[in-house]
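Residue numbers (my numbering): 47 to 135. Each residue gets a CB set at the ideal place from its N, CA and C atoms; glycine is no exception. Only a predicted model underlies this, so the values are computations on that prediction, with no experimental measurement involved. Accompanying notes for the structure given below.
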């Protein structure tokens, strides 16, 4: 018995695990928008660090992305009003 897998035309055959760190202001209220910006991508890890009295919070995630999807995702995160920075780590 043989099994074959089809890769959708809009997805690259090579998905790589990318770790992204996003620093943002606004605390826990901003988490839904940040997670929503990751939509459509396979998220393997997600952690958020929010500390009382600290201006910036952080979200670190590991996402499976094709090479050409990395910059558009970072740009989408950076385009959110509360985001201070979003970078590969």
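Cβ neighbours of residue i in the same chain (closer than 8 Å, five flanking residues each side left out)
i           : result
residue 116 : 64, 134
residue 70  : 76, 80, 102, 103, 104, 105, 126, 128, 129, 130
residue 122 : 83
residue 62  : 110, 111, 112, 113
Residue span of the beta strand (DSSP E) that contains residue i, given as start and end
i           : result
residue 111 : 103-112
residue 96  : Here residue 96 belongs to no beta strand (DSSP E), and DSSP marks it neither H nor E.
residue 132 : 129-134
residue 126 : Where residue 126 is concerned, there is no enclosing beta strand (DSSP E), given that its DSSP letter is neither H nor E.
Alpha helix (DSSP H) segment containing residue i, residue limits
i          : result
residue 81 : 77-83
Distance between residue j and residue i (C-alpha atoms, nearest Å)
i           : j           : result
residue 51  : residue 129 : Here the model assigns residue 51 a pLDDT of 48, short of 50, so the residue's position is not dependable, and the following value carries that caveat. Between residue 51 and residue 129, the C-alpha separation is close to 38 Å.
residue 125 : residue 87  : 18 Å
residue 105 : residue 93  : 6 Å
residue 78  : residue 91  : 16 Å
residue 119 : residue 132 : 9 Å
Do the segment 106-123 and the segment 60-79 touch if we need at least three Cβ pairs shorter than 8 Å? yes
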